[in-house]
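Here is the structure we will look at, set down as C-alpha cells.
Protein chains: 2
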Amino acid sequence: MTCANIIASLTKHISLTKEESELVASKFRIVQVKRKKLIMKEGQAARDVAFVLSGCLRSYSVDENGFEHILQFAPVDWWITDMYSFISQKPAFLNVEAITDSEVALLSRADQLDLFDKVPKLERYFRILTENSLVSSRQRLIDNMSLTAKQRYSIFCNTYPSIINDIPQKLIAEYIGVTPEFLSKMRSELLRSKK
Amino acid sequence: MTCANIIASLTKHISLTKEESELVASKFRIVQVKRKKLIMKEGQAARDVAFVLSGCLRSYSVDENGFEHILQFAPVDWWITDMYSFISQKPAFLNVEAITDSEVALLSRADQLDLFDKVPKLERYFRILTENSLVSSRQRLIDNMSLTAKQRYSIFCNTYPSIINDIPQKLIAEYIGVTPEFLSKMRSELLRSKK
DNA sequence: CGAAAATTTGACATGACTCAACTGGAGTGG
DNA sequence: CCACTCCAGTTGAGTCATGTCAAATTTTCG
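Next comes the structure, spelled out in C-alpha cells:
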C-alpha cells in the first residue's frame with residue numbers, strides 16, 4: 008500500500024500490468040529517515056535511488072571552504088540520488104539528507120537492473136529520469152550565468168512551490184547561490200514592493 | 008587513416024580487435040567544417056556525436072537577452088554534441104559551432120546503437136562519456152556558485168590548456184560567465200602581479 | 001523553559017557590469 | 001600596396017548587485 012505513490016508516478020509515463028506493478032513494488036524498501044539524517048554520503052557509492060513518500064530531502068555538495076551547495080530538493084513524489092554515482096557505482100560527490108522527517112522508498116542499482124530485464128518498459132522511465140537530471144543541471148548552470156539572484160529565486164519558487172514555506176530560508180539561499188542575509192533582504196524588498 | 012585518432016582514443020578505455028576497429032571506423036563520416044559554421048542547431052535533434060580530428064568547436068546556448076553561454080569547448084580528440092538531444096533524439100537546446108576551420112568525425116545515433124549491438128564493449132565507453140557530461144555540468148554549476156571569476160578562469164586554463172591562445176578572449180569570457188571587459192581587466196591584473 | 005539556530009537589519013566593502021572612448025590588428029576592395 | 005573598415009581587446013569612470021561582519025530579534029526544538 009505504501010508503494011501506491013510509486014506505481015502511480017510510474018504509470019504517468021508507462022503502463023504496467025498488475026503483475027508488473029507488484030514485481031516492481033516488491034523491490035522497494037520503505038525507510039523512515041529522521042530530519043538531518045543522511046541516506047547517501049559523499050565518498051561512498053550511492054547504492055540506491057530514492058522516491059520520496061513523505062517529507063523532503065536535499066542533495067548537496069560541500070566545497071573546500073565548507074560551504075554547502077544544494078543541487079536538488081526532493082519533496083513528495085520526487086526522485087533523488089547522486090545520479091552519477093548511482094549509474095556508475097563509483098564514489099558519490101553528493102550527500103543526500105532529509106530536511107524534515109521523511110519516508111522514502113529505496114531501489115538498489117542491482118534491483119533496478121534486474122527489473123530492467125524483467126520489465127523492459129521501466130528502462131525508458133529511468134532513462135528519462137537521467138536525461139532530466141542532465142538537462143536540469145545544464146539549465147541551472149546557464150541560469151546561474153545569465154540571471155540575477157532575484158530571477159533565480161523566482162525560478163526556485165516555480166520549481167518547488169510546495170516547500171517554500173516548509174524549509175529554512177538558509178537552504179533556499181544555498182540552492183540559488185546567495186548568502187542567507189542577501190536572500191532575506193531580497194525577500195523583504197519583494198514584500199514591500201507588493202505592499 | 009583519418010580515423011586513427013578515434014580508434015586510438017577508444018582504445019585508451021576499451022580494447023578492440025582489428026575487425027572491431029574497422030567496423031567502428033566504417034560508421035564515422037569525416038566532415039570539414041568552416042569557421043563559424045554550425046554542425047548542430049538549437050531546435051533540431053542532434054543526430055550525431057562529433058569527434059574532433061582538427062580545429063576546435065564549442066557548444067553554447069543563447070538566452071532570452073541574446074547572450075551566449077558556452078557549455079563546452081572541444082579541441083582535438085574531444086567529443087562534442089548536445090548529449091541530451093543525442094540520447095533522446097528530442098530537439099536540442101544547444102548549438103555546436105566550429106571556432107576555427109575544423110575536421111570532425113560524425114557518428115549518428117542510429118549507427119551508434121547499431122555498433123552497441125555488434126561491439127558491446129563500446130556501450131561502456133559511451134556510457135562513461137555520458138556520465139562525464141553529467142559530472143562536468145554539475146561541477147561547473149557548483150564552481151559557478153562557489154568560486155570567483157578569477158578562480159573560474161584558472162580552472163578554464165587547466166581544463167583547456169591547448170586552446171587558451173588560439174581562441175578569442177570573448178569566448179573564454181562567455182565560458183566562465185563574465186563580460187569580455189572584466190576578463191580583460193582580470194588578465195591585466197594577473198600579468199602585473201606576476202611582474 | 002532555555003539554548004541554539006535562523007532570520008532580520010544596517011553599515012560598509014568589493015566583485016563584476018555598463019558604457020564610452022581609444023587602440024591595434026586582420027581582412028577587403030580599389 | 002594603401003586606405004578603410006570592422007572586430008577584438010584595453011582602459012577608465014561610475015554604478016549596481018551581492019557579500020561581509022556584527023548586533024538585535026525571533027523561532028525552533030530539545
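Chains V and F are the protein sequences, given in the same order.
Note that the numbering used here has the first sequence beginning at 8, numbered continuously upward.
Note that the numbering used here has the second sequence beginning at 8, numbered continuously upward.
Note that beta-carbon positions come from the ideal geometry of N, C-alpha and C, so glycine has one too.
Nearest by alpha-carbon distance to residue i: which of the options is it?
i, options, result
"F/E110", "F/I179, F/V31, F/K192, F/L45", "F/L45"
"F/L17", "F/F58, F/R42, F/A81, F/Q39", "F/F58"
"F/T186", "F/D173, F/A156, F/K43", "F/A156"
"F/T107", "F/S144, F/D173, F/C10, F/Y132", "F/D173"
"F/S33", "F/A53, F/L141, F/C10, F/F93", "F/C10"
"F/E29", "F/A15, F/K19, F/S195", "F/A15"
"V/G62", "V/F74, V/T137, V/K41, V/S195", "V/K41"
"V/M193", "V/S161, V/H20, V/R36, V/I87", "V/S161"
"F/I149", "V/I37, V/L23, V/I13, V/N72", "V/N72"
"V/A112", "V/H20, V/Q51, V/V56, V/R199", "V/V56"
"V/W85", "V/L141, V/F189, V/L136", "V/L136"
"V/L141", "F/I94, F/S200, F/K43", "F/I94"
"F/I90", "F/A105, F/M47, F/D121, F/P168", "For clarity, residue 90 of chain F is Met in the given sequence; the question names Ile instead. The shortest C-alpha separation from F/M90 is found at F/M47."
"V/A105", "V/K43, V/S191, V/L198, V/R199", "V/K43"
Residue i CB to nearest chain F CB: under 8 Å?
i, result
"V/G73", "no"
"V/Q46", "Rather than Gln, the amino acid found at residue 46 of chain V in this sequence is Ile. With 8 Å as the cut-off, V/I46 does not count as an interface residue toward chain F."
"V/V142", "yes"
"V/N172", "no"
"V/H76", "yes"
"V/L197", "no"
"V/R54", "no"
"V/D118", "no"
"V/D124", "no"
"V/I94", "yes"
"V/N151", "yes"
"V/L64", "no"
"V/R145", "yes"
"V/L178", "no"
Below 7 Å CB to CB, which residues in the same chain sit around residue i once its five sequence neighbours on both sides are set aside?
i, result
"V/I171", "C164"
"F/E75", "Y67, V69, E181"
"V/Q39", "E110"
"F/F189", "A156"
"F/A52", "S92, Q96, K97, P98, A99"
"V/P168", "none"
By DSSP, does residue i sit in helix, in strand, or in coil?
i, result
"V/N102", "strand"
"F/L148", "helix"
"F/A53", "coil"
"F/R131", "helix"
"V/L64", "strand"
"F/F35", "coil"
"V/I21", "coil"
"V/E71", "coil"
"F/K202", "Confidence at F/K202 is low in this model, with a pLDDT of 47, below 50, so the placement of that residue should be treated as unreliable; the coordinate-derived value is given next. Three-state result, F/K202: coil."
Answer with yes or no whether the minimum CB distance from residue i to chain V is below 8 Å.
i, result
"F/Y160", "no"
"F/K202", "Below a pLDDT of 50, predicted positions are generally treated as unreliable, and F/K202, at 47, falls in that range; the measurement from the model is reported next regardless. False, the Cβ-Cβ gap to chain V never drops below 8 Å."
"F/G184", "yes"
"F/M90", "yes"
"F/E188", "no"
"F/D108", "no"
"F/M193", "no"
"F/E138", "yes"
"F/N7", "An answer regarding residue 7 of chain F cannot be provided, because it is not within the stretch 8 to 202 covered by chain F."
Output yes or no for whether 8 Å exceeds the beta carbon distance between residue i and residue j.
i, j, result
"F/G184", "F/N139", "no"
"V/D70", "F/S153", "yes"
"F/S92", "F/A81", "no"
"F/T126", "F/E196", "According to the sequence displayed, residue 126 of chain F carries Val and not Thr. Cβ atoms of F/V126 and F/E196: not closer than 8 Å."
"V/V31", "V/L60", "no"
"F/I13", "F/F35", "yes"
Who are the near neighbours of residue i in its chain, counting only those whose CB is closer than 6 Å to its CB and skipping five residues on each side?
i, result
"V/K177", "P187"
"V/I77", "R65, Y67, E181, Y182"
"F/R54", "S115"
"V/D118", "K34"
"F/K128", "I21"
Leaving out five residues before and five after residue i in sequence, what residues of the same chain have Cβ atoms less than 8 Å from its Cβ?
i, result
"V/E49", "S68, V69, P98, A99, F100, L101, N102"
"F/E130", "F123"
"F/Y132", "L17, H20, I21"
"F/Q158", "D150"
State yes or no: is the C-beta of residue i nearer than 7 Å to some heavy atom of the ligand MG?
i, result
"F/E104", "Absence of the ligand MG is noted for the structure shown, with no ligands found whatsoever."
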